[in-house]
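Inspection log for the structure reproduced underneath, given as structure tokens.
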């Protein structure tokens, strides 16, 4: 709500009551559903297995004890191949690795094309509203010099056509 305040010296100020306490609604606010993540509680499995099972239904890979009885990580050959093919790099994959028939590939191409057009537009200036006109770019950038040169070239062409 807005109000006017009048003072003795007839100075009028406009105030907005931003610090006014907001209205509260009746009832209980909606509570977000909490999703519970299953955590492994079997101590035997935690101690004896590597516990990197990303696929449901597969058993975790058991660790092998070394000569002192400590469990060590198995050699790479004992783990499934898909584990080593997981992408761990940040950012999007290179365009050469993406399937050309996928939606993601064409979205990236369109985004790259749009960025290129915007970069060229910012260099040339035609994306700004004050530069939107039906004149050609030479007239806009060179002004009277362009007009003088174009009149000279047109008069030269007329003289050549008469001869």
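Numbering (the working numbering), first residue to last: 1 to 163. Using N, Cα and C, we set each Cβ at its ideal position, and we do this for glycine too. Because the structure is a prediction, the values reported are computed rather than measured.
Subject >> Backbone CA spacing between residue 47 and residue 56 [nearest angstrom] >> reply: 20 Å
Original post:
residue 83: which of 101, 95, 97, 58 sits nearest, CA to CA?
Top reply: 58
Subject >> Assigned secondary structure, residue 100 (DSSP; H/G/I helix, E/B strand, else coil) >> reply: coil
Original post:
Leaving out the 5 sequence neighbours to the left and right, which residues in its chain are closer than 8 Å to residue 105 when beta-carbon positions are compared?
Top reply: 95, 98, 99
Original post:
First and last residue of the alpha helix (DSSP H) that includes residue 43?
Top reply: 43–48
Subject >> Expected contact under 8 Å - CB spacing of residue 49 and residue 61 to nearest Å >> reply: 6 Å
**OP:** Identify the continuous alpha helix (DSSP H) that holds residue 79 and give its terminal residues.
**Re:** No alpha helix (DSSP H) holds residue 79; DSSP gives it neither H nor E.
Original post:
Between which two residues does the alpha helix (DSSP H) containing residue 149 stretch?
Top reply: 144–162
**OP:** Could you pull out every residue in the same chain whose Cβ sits closer than 7 Å to the Cβ of residue 102, ignoring the five residues on either side in sequence?
**Re:** none
Original post:
In whole angstroms, what separates the C-alpha of residue 150 from that of residue 160?
Top reply: 15 Å
Original post:
By how many angstroms is the C-alpha of residue 90 removed from the C-alpha of residue 110?
Top reply: 21 Å
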